[in-house]
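Student:
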Amino acid sequence: MPAHTLTPAIVLDRVAFTWADGTVALSDVSGSFGTGRTGLVGRNGSGKSTLLRLIAGDLAPSAGHITRTADAAYLPQRLTLQVDRPVADLLGVGDTLRALRAIESGDVDPRHFDTVGADWDVEARAHAALAEAGLAPAMLDRSVGQLSGGEAVLTAIAGIRLRGAPIALLDEPTNNLDREARARLHDMVRSWRGALVVVSHDTALLELMDDTAELYANELSVFGGPYSEWRAWLDAEQSAARDAERAAKQSLKREKRQRIEAETTISRRKAMGDKAYAEKREPKIVMNGRRMAAEVSAGKLRGEKAEREASAREALDAAGRRVRDDAMMKIDLPDPGVPAGRRIATIGDGSRSWIIQGPERVALIGPNGAGKTTLLEGLLTTGSSPRRSSVSWGAPGRDDPGIPPIAAAPHPAMLNGAGQQLHTDRAGYLPQRVDELDEAASVLENVAAAAPQVGTVELRNRLARFLIRGAAVERPVATLSGGERFRVALARLMLADPAPQLLVFDEPTNNLDLDTVDQLVDAIAAYRGAVLVVSHDDAFLERIGVTLTLELDREGQLTER
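Going left to right, the sequence shown walks through residues 1 to 561 as UniProt numbering numbers them.
1) Exposed or buried, what is Met209 when buried is set at 16 or more other beta-carbons lying within 10 Å of its beta-carbon?
2) Near Gln557, which residues of its chain fall below 6 Å by C-beta distance, leaving aside the five closest residues on each side in sequence?
3) Are there three or more Cβ pairs, one per stretch, closer than 8 Å when the region 358 to 371 is compared with the region 443 to 463?
4) Exposed or buried, which one is Asp21 when buried takes at least 16 other CB atoms within 10 Å?
5) Below 8 Å, can you find three or more Cβ-Cβ pairs linking the region 70 to 84 to the region 151 to 169?
6) When you compare each of Arg487, Arg231, Ile10, Arg190 to Leu463 by their alpha carbons, which one comes out closest?
7) Got a sec? Which residues, its chain only, sit under 7 Å from Asn416 by beta carbon, not counting five neighbours each side?
8) Can you grab the Cα-Cα spacing for the pair Ala244 / Ala310, in whole Å?
9) Given a threshold of 16 other Cβ atoms within 10 Å of its Cβ, counted over all protein chains shown, does Gln82 qualify as buried or as exposed?
10) Look up Phe17 in the DSSP assignment and say whether it is helix, strand or coil.
11) What did DSSP end up calling Leu558 once you bin it into helix, strand or coil?
12) Tell me, please, whether the region 192 to 209 touches the region 226 to 242 by the rule of three or more beta-carbon pairs shorter than 8 Å.
13) What residues are listed by DSSP as bridge partners for Ala213?
14) Going by Cα to Cα distance, which pick from Val24, Thr96, Phe17 is closest to Asp58?
15) When the Cα of residue 564 is compared with those of Ala217, Pro76, Val93, Arg193, which residue comes out closest?
16) So what does Val504 bridge to, in DSSP terms?
17) Bridge partners of Gln82, per DSSP?
18) Just checking my contact of Gly31 with Leu12 at CB under 8 Å: how many whole Å lie between their CB atoms?
19) Among residues of its own chain, excluding the 5 on either side of Arg543, which ones have a beta-carbon nearer than 6 Å to its beta-carbon?
20) Rounded to whole angstroms, what's the CA-CA distance from Ile285 to Ala294? Just pull it up for me.
21) In this structure, what does DSSP give as the bridge partners for Thr346?
22) What does the alpha-carbon distance come out to for the pair Val504 and Pro336?
23) Residues in the same chain with beta-carbon distance under 8 Å from Leu97, minus the five sequence neighbours each way, listed in chain order, please.
24) Does DSSP put Tyr227 in a helix, a strand or coil?
25) Looking at the structure shown, is Pro110 part of a helix, part of a strand, or coil, going by DSSP?
26) How many whole angstroms separate the CB atoms of Thr155 and Leu90, which I take to be in contact at a CB cut-off of 8 Å?
27) In this structure, does DSSP put Leu54 in helix, strand or coil?
28) Going by CA-CA distance only, name the one from Ser442, Thr7, Gly106 that's closest to residue 563.
29) Identify which residue in Glu474, Leu480, Glu255, Ala312 has its Cα closest to the Cα of Gly45.
30) Assign Gly371 to one of three DSSP states: helix, strand, or coil.
31) Which residues in the same chain as Ala241 place their Cβ atom closer than 6 Å to its Cβ, once the five residues preceding and following it in sequence are excluded?
32) What whole-angstrom Cβ distance do Ala99 and Val116 have, given they're in contact under 8 Å?
33) So, does the region 516 to 535 touch the region 347 to 362, judging by three or more C-beta pairs under 8 Å?
34) Measuring CA to CA, which of Val198, Leu316, Arg231, Leu169 is closest to Arg254?
35) Determine the direct distance from the alpha carbon of Ala63 to that of Thr549, and round the result to whole angstroms.
36) CB-CB under 6 Å to Leu170, same chain, minus the five flanking residues each way: which ones, in chain order?
As structure tokens, this is what we get:
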């Protein structure tokens, strides 16, 4: 499966990385990324984000070497910004722009000319970059805190393009983007110049890639084509591998049977020979000769059968190594006992409202900054002691985790909870940002704190269903990937007893690998309670069988789609 781009921009030579607590993140990884656009996929916890940080130089390998043809610009999964800094700094042209304006105002300090260099058209190019991010030229001199989270991410990516970074590394860039922002990012990627490596679970974005790289079991492989072609190739390869394994099993079974039959034949012949020898049917010298010949023949037959069986076993082992034995997360949501038609919640905007009944699936959509998260939190505060996995109470209208507040506050009706009402005290909430987990504590300690009535052995058994097993339950939360943190938070939510009658998810697919999204879809499909979900992922919403879609605009008005 050769890649389209043969000239490597990044080469990995037996790269390894171990965290300070001794946890091995990567081991003996070799491979390369070409000069085109590459989508990097892999299961949560496989080390994709760690690999990007190593390539960017944010982390140093514990062993091995990384070679780049040029410096790399890196966009982390969680963008941490100084909200008081100018947008020009987020674009990466703040110093140049300030020097240019100083010169234009009459300051002839040579340092300004050195800073500007040949970049005299920086302001015009910055305005063009802002336009790519959907922002007006006036935003160049405003603060980062006046951007929405999605605007901040797009502006940072536009800045990478503006600076002409020869190698760009983007870690889950669509996580905080609404539909309009995703479309803008897709346009940027289509016209990207230079090497681009994108870690993403967004299949629409992955379809824009020239190559698809997979990090699996510390092996990096690169396929020449977008995600759908790679997925089709992998499915076909795995189907063929399973067929080969089944054939090898049958072959080994046949060789075992033939060896047993051969041993039976040898035993029968020996018994007949021993009887003839005892009865002295022929001269002793003749019978001794026949006995020796029989022993030689038996030894030869045994050797042949043993060799054939060993060869069949080796073939089975080789075929088995081709078959992936990927453990799948088993999310069994308990039966909450919600009869059809039972009122679970009322959601509205102060002028109109909708009743959520069990087991309905309701989607809440709308642009970033409209106040979708605020609406969810307003709803949850109307019940009596609603259950949550973890809740991040941020500034009103902050739909995006880890990024600055939006420029406009949501409609007042959103803030005072008008139109929202829980009709159950059994509501489970999984927010975008599962940051109330104790970073220093272990996974087991975090889950035990939410379920003090459950014994340690049972907790371990339940965590195993979320693919958190053995020593992994003792790992500090701070060392977990985004998807692993999600699984811990989801496990805490699922330990509620009695079971939640309403599950509320805020962008649940942001940090999940594609296989885990499949498992979450299956779990929601089997769940008999009501579900309310905020998501920009149209494919996910379609798969969970949404029965009602409500759109929240920036004026705080809800409309049925």
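Positions of the beta carbon are idealized from the N, C-alpha and C atoms, including for glycine. If you're wondering where the values come from, they're calculated on a predicted model, not measured in any experiment.
Tutor: From the atom records:
1) A buried status is given to Met209, since no fewer than 16 other beta-carbon atoms sit within 10 Å of its beta-carbon.
2) Asp349
3) no
4) Its Cβ having fewer than 16 others within 10 Å, Asp21 is exposed.
5) yes
6) Arg487
7) A caution first: Asn416 carries a pLDDT of 47, below 50, which makes its placement in the model unreliable, though a value can still be read off. Within its own chain, no residue has a Cβ closer than 7 Å to the Cβ of Asn416 once the five positions on either side in sequence are excluded.
8) 17 Å
9) exposed
10) The DSSP-derived three-state label of Phe17 is strand.
11) strand
12) yes
13) Leu40, Val222
14) Phe17
15) Since the displayed the chain opens at 1 and closes at 561, residue 564 lies outside it and no answer follows.
16) Tyr429, Leu532
17) In DSSP, Gln82 forms no bridge with anything.
18) 5 Å
19) Val521
20) A straight line joining the alpha-carbon of Ile285 with that of Ala294 spans about 14 Å.
21) Ile355, Gln421
22) 14 Å
23) Ala88, Val122, Glu123, Ala126, Leu140
24) DSSP, read as helix, strand or coil, puts Tyr227 in helix.
25) helix
26) 5 Å
27) helix
28) Only positions 1 to 561 of the chain appear in this structure, which leaves residue 563 out of reach.
29) Nearest option by C-alpha distance: Leu480.
30) coil
31) Arg322, Val323
32) With 8 Å as the limit, Ala99 and Val116 qualify as a contact, their Cβ atoms being about 5 Å apart.
33) yes
34) Leu316
35) 50 Å
36) Leu75, Val198
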